[in-house]
Amino acid sequence: MSRLKVFILTVLSLLLGASVSVWAQFKRDAFTQNYADSTEVEQTDSSSFFSMREFAGGLTHKRHAKLKTMFMGSTVVIGGEQIYNRDYWKLPIIYGGIGAGIGGGVYFNQKWHETGDESFKRARTLSYAAAGLVYWGTLMDGVYCFESTRHPDPAKSTIYSILLPGLGQIYNGEYWKVPIYIGGIAGGVKYYFDNRRNYERYKWIYDQATSEDPTVETPPISAENALYYRDVFRRYRDYSILFTAVMYFLQVMDANVFAYMTDFEVNDDISMRMGPAVVTTDYAFTPSMGVTLSLTF
16 MSRLKVFILT VLSLLLGASV SVWAQFKRDA FTQNYADSTE VEQTDSSSFF SMREFAGGLT
76 HKRHAKLKTM FMGSTVVIGG EQIYNRDYWK LPIIYGGIGA GIGGGVYFNQ KWHETGDESF
136 KRARTLSYAA AGLVYWGTLM DGVYCFESTR HPDPAKSTIY SILLPGLGQI YNGEYWKVPI
196 YIGGIAGGVK YYFDNRRNYE RYKWIYDQAT SEDPTVETPP ISAENALYYR DVFRRYRDYS
256 ILFTAVMYFL QVMDANVFAY MTDFEVNDDI SMRMGPAVVT TDYAFTPSMG VTLSLTF
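Counting in this note's numbering, the sequence shown runs from 16 upward without gaps.
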């Protein structure tokens, strides 16, 4: 047998052994690898997006609950986060503030319908807005006071961004991103109102131009032009809504991802190690020789 054939057979044997080694290692480690510290694993029900059992257990202090669960439950059961955090003294303030706002809104709305006074209408709007502000502050307070074992906490960062755009980036320490997202959202809102105003203007002109009432004054532009500009600004108005929504959800995702990535280690160690290995498997009668390949990057 020539030296070339011996060399080829040797290489094939090593490759076959390496493949057996890799497959055996995969079978051994694929279902036993644990990427989380066992001390940080929360013994909660993660089979669904929201667990009512976990939320009820958190309210009664019988089990530990995740921030996500308590936040979602507290959007319906107002004050749930404060109960979980044992801040009972805040509950009268929360219920009193929300109740006063709603009660004032109902009262002023009735007075407005009775008298037609616009001041009662404004008071009604302010009362409802005050109740909504107390409700928003309740959720924000519950998230802020929630005790977490890590910083930044991805759950806190995400909910902060949901409640107030840009706050998740501030919590993560990425202040330079705040003007980008706030500017994008503010710009989308501004263009929405501008395009809506122009849409309503040309819609009114089109209605005037196509009206069959002889007493209606003829508008300065034709119905065709008014129809064209009406559709254009309606399309731009819808684009503004879409752009604002995209910027809002983008900053929520950004806050969540970068909170998770804070623990991701990045270094300059890029290396490859190779060595001999003896592998025993359940389906092989004799141990197989091969090589192990380790990559670090």
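Glycine residues also receive a C-beta, built at the ideal position from the N, C-alpha and C atoms.
All of these numbers come straight from a predicted model, not from anything done at the bench.
query: Please state if the CB of Gly73 and the CB of Ser84 are separated by a distance shorter than 8 Å.; result: With the sequence shown as reference, residue 84 is identified as Thr, and Ser is not the correct amino acid for it. Contact: yes.
query: For Gln266, count neighbouring Cβ atoms within 10 angstroms of its own Cβ and tell me buried if that reaches 16, exposed if not.; result: buried
query: Taking just the CA atoms, how far does Ala241 sit from Glu162?; result: 58 Å
query: Taking Cβ to Cβ, would you say Tyr217 is nearer than 8 Å to Tyr244?; result: yes
query: In chain order, what residues of the same chain lie with their CB nearer than 8 Å to the CB of Thr233, ignoring the 5 residues before and after it?; result: Gln223, Ala224
query: Tell me whether the stretch 131-146 and the stretch 158-175 touch, counting them as touching only if at least three CB pairs, one residue from each stretch, are closer than 8 Å.; result: no
query: Taking only three categories from DSSP, how would you classify Pro234?; result: coil
query: Got a sec: does the ligand MG put a non-hydrogen atom nearer than 7 Å to the Cβ of Phe161?; result: Ligands in the displayed structure: none, and consequently the ligand MG is not present.
query: Is Thr90 helix, strand or coil when you go by DSSP?; result: coil
query: At which residues does the alpha helix (DSSP H) containing Phe64 begin and terminate?; result: Counting along the chain, Phe64 falls outside any alpha helix (DSSP H), and DSSP gives it neither H nor E.
query: Indicate whether Tyr159 and Gly181 have their beta-carbon atoms separated by less than 8 Å.; result: no
query: Return helix, strand or coil for Arg139, following the three-state DSSP convention.; result: helix
query: Measuring CA to CA, which of Met155, Asn187, Asp168 is closest to Leu178?; result: Met155
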